[in-house]
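Under full-length UniProt numbering, the first residue of the sequence shown carries the number 1, and numbering increases by one thereafter.
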Amino acid sequence: MSPKKCEPPPVDSLTTTTTTNTTEKATFLRLGHKNHTQWTALGSASFILISGGMSLAWGAGFAVHSAHRDQLLQTVHMQIAWYATAVLGALFAAFYTHRLPLQPIYICASILVIASGTLFLAWPEYPGAIIAARYLDGLANGLAFVPALSTVGEISVNEIRGLLASTVEQLSSSTGILMQLIYTAVWQVDWNVAIVADQVHGVLSIIYGVIALALALTLCVESPVHLLMRSSEQRALVALRHLQRPYMVTSEMLLRLDEHKLYVAANREMCLGTTLQKGYPSVLKLLVLRLLGVLCLNSIICCALYETGNQLVSSLYAWPFVVFGLLRWCGCFFAVLLMDTTGRKKPTLFGIFSTGAFAIAYANLFGRTPHMITALVMLFSLQFFAGLGQCASAAYLTEGFPLRLKPHMVAVVYVIEQVARLLLCSFLLSIAGITAYFHCLGALSMVLFLLGIFCLPETRLVTLAEAQLKFSKWFNKDF
């Protein structure tokens, strides 16, 4: 008889799965620990954009306890203040990004946020002070947005680029919106307190500005790509050393330096015409995606929430506003976690499709008294999926444009986005108008979902040069 062969013991599939999950979690935590300085390098911009999120919500009408809400709805000057200076700041930023050091700009923007909060806190009852405060905060956000979104992809490693970009811009903005909605919801005008609602806005802005200023003074790191464009290879290596742990030159760091050098060299070879030709498809795609986000948070959406909630609860300014803001934040947060695992394209398409479906459902239910609670749930769900679907736009902004004109193209998208927000601020629709608006939003979302299947690229874990090449094509079927 032949000897019995030794067989390996059976492998427990559950144990294998658990081990794999644990390994993946450990790898993710190790990656986050190793590269956390890449977030702190942009932490100043992140807190400035939190203040901007509060101002966006305030300007959209989520300021029900403000002494200036009626003026916001009726006075053009109050409406345009934030958006006008945000546009001016972005236009100025388009020319200094990749030309000037970023630290002085972030310091200046942080001081503007502190000044804006101080005006809200010191003179909450004077319309002129509030208008000036909104001018200052808008300018700060325009100044910070363009350099932050232009350089976040250059500062981060490929493995966390999507997470970092979406955290710095989308999650920060959603956090500001949520903070505005929370204090709007819980504030009571009959409270016997010495501070009014607009002063709460000011206190929060001062806190964000002080944190942003501290981060800008201590932890801001220049983009290594920016330094290579100025032929400062040694300084670029020093910047890379400060952007990861351990703080020493490693073989991995040298590989990143070579990757950045190839990226800069390839873009230097492009003439202006080629740069515009390769950037135009990206601008158009991102404009459409970002404008859809504008349609999901504006004065019309605020009016819809007010009209829906007003027919359901006597204390409107309590839970509907909190749930509305919290679900938008949660949608964005979940998408942030998916950016470098599932990717950018799938969450974006799923979010756009779901936004369209819930917009149409809300339009069909809105105004029908027996179904108003269902309509409110549809509106909440729409905000969740709007946050989910918009999150990847931040990663796309930092990946999609040729290096030579990247700040200019980021600024173009941002400026048109703010102009669209400004135009929507002046609309106060009737019940029939709100219904028609949501029907249009739903139909537009469905069309963009179909276009996105064929036009949006998947840029997870690729280099900036590869992502730029994908974006330069009109059609991208990859998932």
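Note that beta-carbon positions come from the ideal geometry of N, C-alpha and C, so glycine has one too. Keep in mind it's a predicted model, so treat the numbers as computed, not measured.
If we count the other Cβ atoms within 10 Å of its Cβ and call it buried at 16 or more, is residue i buried or exposed?
i    : result
F475 : exposed
P347 : buried
H77  : exposed
Q234 : exposed
H201 : buried
P100 : Per the sequence shown, residue 100 should be read as Leu rather than Pro. L100 should be labelled exposed.
Y106 : buried
T250 : exposed
T22  : Residue placement at T22 is flagged as unreliable, the pLDDT there being 43, under the threshold of 50; a coordinate-derived value is accordingly withheld.
P104 : exposed
Could you give the first and the last residue of the continuous alpha helix (DSSP H) run that contains residue i?
i    : result
Q244 : Per DSSP, Q244 belongs to no alpha helix (DSSP H) and is neither H nor E.
S63  : A small correction: the amino acid at residue 63 is Ala; Ser does not occupy that position in the sequence shown. Segment: none, A63 is in no alpha helix (DSSP H) and carries neither H nor E.
Q418 : K406 to C425
S232 : Per DSSP, S232 belongs to no alpha helix (DSSP H) and is neither H nor E.
D137 : P127 to I155
E259 : S251 to R268
G387 : M372 to Q390
H77  : V76 to Y96
F449 : I431 to C455
P104 : L102 to A122
L289 : L272 to L295
T184 : S172 to V186
L42  : L42 -> no alpha helix (DSSP H), and no H or E assigned at all.
R99  : Careful: R99 lies outside any alpha helix (DSSP H) and carries neither H nor E.
R161 : R161 to S166
Report the three-state DSSP secondary structure of residue i (helix, strand or coil).
i    : result
I195 : coil
K473 : coil
P8   : Interpretation of P8 is limited by its pLDDT of 47, a score under 50 that renders its predicted location unreliable; no figure is taken from the coordinates.
F333 : helix
M339 : coil
I206 : helix
Q311 : coil
S354 : helix
R30  : helix
R302 : Reading off the sequence shown, one finds Cys at residue 302, where the question assumed Arg. Helix, per DSSP.
E222 : coil
P402 : coil
R460 : coil
Please confirm whether any heavy atom of the ligand GDP lies closer than 7 Å to the CB of residue i.
i    : result
I160 : Looking for the ligand GDP in the displayed structure turns up nothing, as the structure carries no ligands at all.
Practice task
Evaluate contact between the segment 405–421 and the segment 172–187, counting only Cβ atoms and requiring at least three cross-stretch pairs below 8 Å.
Solution key: no
Practice task
Could you say if the segment 396–405 and the segment 286–301 meet the contact criterion of at least three C-beta pairs nearer than 8 Å?
Solution key: yes
Practice task
Evaluate the contact criterion for the segment 358–373 versus the segment 431–446: three or more CB pairs, one atom per stretch, below 8 Å.
Solution key: yes
Exercise for the section: Count the CB pairs spanning the segment 418–436 and the segment 82–90 that are closer than 8 Å, and state whether there are at least three. Expected result: yes
Exercise for the section: Take every Cβ of the segment 338–352, pair it with every Cβ of the segment 125–135, and state whether three or more of those distances are shorter than 8 Å. Expected result: no
Practice task
Spell out a yes or no on whether the segment 138–151 and the segment 306–313 are touching, meaning 3 or more CB-CB pairs, one atom from each, closer than 8 Å.
Solution key: no
Problem - At least 3 beta-carbon pairs within less than 8 Å: the segment 149–166 vs the segment 369–383 - result: no
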